[in-house]
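A.B. asks:
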Amino acid sequence: MKLGYPNNPRKDVMKEIKWIAQHFDFIDFFMEPDRAYYNKIDLKEIRKRLHEYNLEIVGHTAYYLPFASPIEEIRLVAIEEASKCFKAFEKLGAEYVTVHANWPPSIFDAKEGLQMQIESLALLIEEAEKYNIKLMYESGVGELDNYTNVVKILQALPKLHFHLDIGHVSLYGRDACKFIRKLHAKIKHIHIHDNFGKEDLHLPIGVGKIKWRDVIKELKRYYDGTITLEIFADKDYVLLSKRKLEEMWREV
Ligand SMILES: [Zn+2]
Numbered sequence: 094m095k096l097g098y099p100n101n102p103r104k105d106v107m108k109e110i111k112w113i114a115q116h117f118d119f120i121d122f123f124m125e126p127d128r129a130y131y132n133k134i135d136l137k138e139i140r141k142r143l144h145e146y147n148l149e150i151v152g153h154t155a156y157y158l159p160f161a162s163p164i165e166e167i168r169l170v171a172i173e174e175a176s177k178c179f180k181a182f183e184k185l186g187a188e189y190v191t192v193h194a195n196w197p198p199s200i201f202d203a204k205e206g207l208q209m210q211i212e213s214l215a216l217l218i219e220e221a222e223k224y225n226i227k228l229m230y231e232s233g234v235g236e237l238d239n240y241t242n243v244v245k246i247l248q249a250l251p252k253l254h255f256h257l258d259i260g261h262v263s264l265y266g267r268d269a270c271k272f273i274r275k276l277h278a279k280i281k282h283i284h285i286h287d288n289f290g291k292e293d294l295h296l297p298i299g300v301g302k303i304k305w306r307d308v309i310k311e312l313k314r315y316y317d318g319t320i321t322l323e324i325f326a327d328k329d330y331v332l333l334s335k336r337k338l339e340e341m342w343r344e345v
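Okay, so the sequence shown: first residue is 94 according to the working numbering, each after it adds one.
(1) From which residue to which residue does the alpha helix (DSSP H) around Asp329 run?
(2) Taking Ile167 as the reference, give the member of Arg140, Asn195, His153 and Lys184 with the closest Cα.
(3) What does the alpha-carbon distance come out to for the pair Asn242 and Arg142?
(4) With burial defined as no fewer than 16 other Cβ atoms inside 10 Å of the residue's Cβ, what is the status of Pro99: buried or exposed?
(5) Whole angstroms are fine: how far does the CA of Glu344 sit from the CA of Ile309?
(6) Do Ile226 and Phe182 have their C-beta atoms closer together than 9 Å?
(7) May I ask which residues mark the beginning and end of the alpha helix (DSSP H) holding Met94?
(8) Does the beta-carbon distance from Tyr240 to Phe272 come in below 9 Å?
(9) Which value, in whole angstroms, describes the spacing of the CA atoms of Val262 and Leu185?
(10) In angstroms with no decimal places, state the Cα-to-Cα distance between Ile139 and Val192.
(11) Are the beta-carbon atoms of Phe255 and Glu220 separated by less than 9 Å?
(12) Going by CA-CA distance only, name the one from Asp105, Met94 and Pro102 that's closest to Phe117.
(13) Tell me Met124's beta-bridge partners as DSSP assigns them.
(14) Below 8 Å on the Cβ atoms is my guess for Ile285 versus Thr319; work out the distance and round it to an integer in Å.
(15) Would the beta-carbon of Gly260 be found less than 8 Å away from any heavy atom of ligand 1?
(16) Hey, out of His295, Glu292, Asp287 and Asp293, whose CA is closest to Arg306's CA?
(17) Ignoring anything shorter than 4 residues, give me the alpha helix (DSSP H) runs that lie fully in the stretch 155 to 207, in order along the chain.
(18) For Glu220, verify whether its CB is less than 8 Å away from any heavy atom of ligand 1.
(19) With a threshold of 7 Å on Cβ separation, who are the neighbours of Phe289 within its own chain once the five nearest residues in sequence on each side are excluded?
(20) Taking 8 Å as the cut-off, does the CB of Glu231 come closer than this to any heavy atom belonging to ligand 1?
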């Protein structure tokens, strides 16, 4: 098991990398505006720094890219932008990159939303392959981001991996352990953060209602890859969460 942390894309990338390297095995690189987008960063310098720090990298494109916009032209531009990120990620040495679920407004139904996503994801997979990148699908925070719909996406696109966000799959009474048990063969990356089951709060571990011991037990049974602590709180809470996670991983 390897632990990572994301850079805050609104902050200086080099400073973010330095702190992450002091405490984690890899960076979950959020390639987003305003300060960590592909056209705002020095790729060579970052790659050099990652190498110096011996810090591995997993890629993450902006969660708000409109891959399921009902306007086809907007979907295509979103794919084009993601492709530019893939190109940059290859230069940074990333092998796996996350794309986020996206749904059209509710005047379109789930079936139409799935179709729009599947069409976009098929094009995204093609783009990613040009840069030797493998794509991971991270399900989102809405009611439609349920087990059934995630399975439909993964079944339609065999080359797509699954990025399991424990916080997201614990919303709306969903069972994170079921996602782990049933989809472990597809899971390539994990995000960990806590909440109370209603809002996507990205809290430190143990602050919300997620039953972490059950989750970690299930994870340990099936998974030994990269885990990002996607906790948006002061750094001391992040480090405390890291300690708690390591402790639970040893004990369960
Ligand atoms: Zn996440």
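A virtual CB, placed ideally from N, CA and C, is assigned to each residue, including glycine. The structure displayed is predicted, hence computed values, not measured ones.
C.D. replies: On the basis of the supplied data:
(1) Lys328 to Glu344
(2) Asn195
(3) 39 Å
(4) buried
(5) 10 Å
(6) yes
(7) That residue, Met94, is in no alpha helix (DSSP H); it is neither H nor E in DSSP.
(8) yes
(9) 29 Å
(10) 21 Å
(11) no
(12) Met94
(13) Thr154
(14) Actually they do not touch by this definition, with Cβ atoms about 11 Å apart.
(15) yes
(16) Asp287
(17) 165 to 185
(18) no
(19) Gly301 and Lys302
(20) yes
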